[in-house]
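In the numbering used here, the protein residues as written are 13 to 390.
Don't be surprised by glycine CBs; every beta carbon is placed ideally from N, CA and C.
These numbers were taken from a predicted model, which means no experiment stands behind them.
Following: one structure in structure tokens, then a few remarks.
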Amino acid sequence: MSFQFGFSNGDLSDDELNNSEISAQPVQESNAAPSQVYVGRTLLDSPHLQSNAVKQPNWESLDAILQSLKDVRLSFEKFSTPQNQVPIYRRELFDVKHQLMTEADELTGSEAKVELEILMGETNEDVRKNVYEGGLKSWECSIDLVDALATSLNNEQLPDTIIELGCGTSLPTEYLFMKLLESNCPPNKTNFILSDYNESVLRLVTIPNFIIAWANIALTAEQRSALQQQGEESLNLPDDELLLTSDLLLAFREDLSRRNINLSLISGAWSRRFNDMVLTAIHPNRNLWILSSETIYQPETLPVISEVLIELLSQHKQQYKYSARALVAAKDIYFGVGGSIIEFQHYIESRIREDALNLSMQILKVNAGLKRSIVVIE
């Protein structure tokens with residue numbers, strides 16, 4: 013898989029341009045960072061990752077999320093990626109803010125209130141460690157990853173298990189989901205495992221983006237209109253809005269089942285428990301892809317996601333003998349935060365040498381004003 017991109021800032025929309033660098037508020041913690049205590053294979057067993065300082069991983073119910081979205085009216089945009097002109101759908105950020113504001117009176121947890129404050133710009137930050145990890149916005153590198161996938165799929169078929177770590181708006185996985193919908197050929201069971209630190213991100217952008225893509229790809233205009241009417245034949249929505257009626261949500265769920273597509277959702281931090289949960293959901297006799305973008309920006313968590321990737325790839329290959337690949341998209345340097353592609357590369361390379369791992373790594377450069385890369389590990 014060999015390619016290079018030619019992006020410029022003009023190819024990106026306002027929410028990416030306004031946040032070309034991640035702004036994070038330091039958090040004082042009583043526990044030492046995991047990388048200071050545990051290294052290598054033991055890192056995922058760090059007591060810090062099992063403590064109350066981080067949100068423990070948890071399976072989220074797709075049906076419960078769909079129920080919470082009933083009668084929500086979504087505004088969305090369709091845009092094209094800069095390199096391959098891939099059409100992608102995503103919920104508008106202002107629409108997410110509007111829903112959060114309408115739900116503000118019902119917010120009971122301090123975490124949910126902090127998320128709202130951050131998103132509304134009241135705290136002058138984009139992420140807050142162990143509270144909110146920025147998943148409600150789209151970031152440049154997720155769009156890079158869509159173009160990378162579009163290029164690689166010219167010669168490859170989709171794998172049977174696709175994991176996105178730190179999925180947020182989940183544009184790369186949404187693209188692969190759209191490819192399945194466009195095929196109109198029921199494949200072997202395809203399992204998407206979508207993980208984000210915040211459950212609210214899965215509810216407000218991840219699943220809505222999948223529903224929006226499905227409604228625009230799998231349904232005719234007449235079907236889409238009928239599923240939104242629900243007895244109100246005078247209802248006339250613009251093309252960039254979607255009303256999530258019970259009929260439409262039921263049709264979405266039933267069509268996924270008919271197409272043999274499964275969506276599994278995990279909230280919480282990466283850890284040994286997280287990996288154990290994911291390994292139980294991976295098809296044992298199928299190929300595996302792991303996708304991730306903008307997740308190595310903090311030096312203290314960079315080793316953690318590195319170990320997650322190494323373990324998932326190695327165990328799948330060793331146990332099942334099927335191919336496994338990870339694509340990690342990131343900025344070359346995260347100024348003011350500390351993470352970098354070089355640090356990630358050095359960590360992976362040292363782990364491959366130390367344990368003689370049967371893994372290889374390739375770095376693909378994105379040709380842009382703000383230097384970015386895609387790391388392929390397989």
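Tell me which same chain residues have a C-beta within less than 7 Å of the C-beta of Glu89, skipping the five on either side of it? Here residue 89 corresponds to residue number 77 of the sequence shown, with the count starting at 1. So the qualifying residues of the chain are Arg102, Glu104 and Asp252.
In whole angstroms, what is the alpha-carbon distance linking Ile77 and Ile219? Mapped onto the sequence shown, residue 77 falls at position 65. Mapped onto the sequence shown, residue 219 falls at position 207. Going from the Cα of Ile77 to the Cα of Ile219 covers about 8 Å.
Bridge partner(s) assigned by DSSP for Ala341: For the purposes of this step, residue 341 is taken as the residue at position 329 of the sequence shown. In DSSP, Ala341 forms a bridge with Ser305 and Ile386.
Look at the alpha carbon of Glu366 and the alpha carbon of Met373, and state the distance between them as a whole number of angstroms. Along the sequence shown, read from residue 1 onward, the residue named residue 366 stands at position 354. Along the sequence shown, read from residue 1 onward, the residue named residue 373 stands at position 361. Spanning the two alpha carbons is a distance of roughly 15 Å.
Within 10 angstroms of its Cβ, does Pro315 collect 16 or more other Cβ (buried), or is it exposed? Locating residue 315 in the sequence shown gives position 303, where the first residue counts as 1. Buried, by the Cβ-count rule.
Going residue by residue through the stretch 162 to 199, where are the continuous alpha helix (DSSP H) segments of at least 4 residues, counting only ones entirely within it? 183 to 195
Residues of its chain near Trp71, where Cβ-Cβ distance is below 8 Å and the 5 sequence neighbours each way are ignored: For the purposes of this step, residue 71 is taken as residue 59 along the sequence shown, with counting starting at 1. Excluding sequence neighbours, Trp71 sits near Ser276, Leu277, Ile278 and Met289.
Does DSSP classify Ala160 as helix, strand or coil? By 1-based counting over the sequence shown, the position of residue 160 is 148. Reduced to three states, the DSSP call for Ala160 is helix.
Short of 6 Å in beta carbon distance, which residues of its chain neighbour Gln242, apart from the five on each side in sequence? Order them along the chain. Counted from its first residue, the sequence shown places residue 242 at position 230. Here the set comprises Thr257 and Asp259.
Label Ala116 either buried or exposed according to how many other C-beta atoms from any shown protein chain fall within 10 Å of its C-beta, with 16 as the threshold for buried. For the purposes of this step, residue 116 is identified with residue 104 of the sequence shown, where counting begins at 1. Exposed, by the Cβ-count rule.
Is Arg270 buried or exposed, if buried means 16 or more other CB atoms sit within 10 Å of its CB? Start at 1 with the first residue of the sequence shown, and residue 270 comes out as number 258. Label assigned to Arg270: exposed.
Host alpha helix (DSSP H) of Ser362 (start-end): The residue given as residue 362 occupies position 350 in the sequence shown. Taken as a continuous stretch (DSSP letters only), the alpha helix (DSSP H) holding Ser362 covers Ile353 to Asp367.
Using a 10 Å radius around the Cβ and a threshold of 16 neighbouring Cβ atoms, would you call Glu319 buried or exposed? Sequence index remark: in the sequence shown, residue 319 carries index 307 (1-based). Buried.
On the DSSP letters alone, give me the boundaries of the alpha helix (DSSP H) that Ser335 sits inside. Start at 1 with the first residue of the sequence shown, and residue 335 comes out as number 323. Per DSSP, Ser335 belongs to no alpha helix (DSSP H) and is neither H nor E.
Less than 8 Å between the CB atoms is what I'm expecting for Ser304 and Val340, so what's the real figure, rounded? By one-based count along the sequence shown, residue 304 stands at place 292. By one-based count along the sequence shown, residue 340 stands at place 328. Their Cβ separation, rounded to whole angstroms, is 5 Å, which keeps Ser304 and Val340 in contact under 8 Å.
Spatial neighbours of Ile229 within its chain, please: CB distance less than 7 Å, with the 5 preceding and 5 following residues excluded, ordered by chain position. Your numbering for residue 229 matches position 217 in the sequence shown. Within its own chain, the residues whose Cβ lies closer than 7 Å to the Cβ of Ile229, once the five positions on either side in sequence are excluded, are Met190, Leu193 and Glu194, listed in chain order.
DSSP has Gln374 in a bridge; who is on the other side? In the sequence shown, counting from the first residue as 1, residue 374 sits at position 362. Bridge partners of Gln374: Val388.
Residue of Ile354, Lys343, Ser326 and Phe347 minimising C-alpha distance to Leu369: Here residue 369 corresponds to residue number 357 of the sequence shown, with the count starting at 1. Per the Cα distances, Ser326.
When you compare each of Asn272, Val217, Leu247 and Lys343 to Gly180 by their alpha carbons, which one comes out closest? Here the question's residue 180 lines up with position 168 in the sequence shown. Comparing Cα positions, the closest option is Val217.
So, under 8 Å CB-CB, Gly178 and Thr307 are touching, yes? Tell me the CB distance rounded to an integer number of Å. Against the sequence shown, residue 178 aligns to sequence position 166. Against the sequence shown, residue 307 aligns to sequence position 295. Confirmed, about 4 Å.
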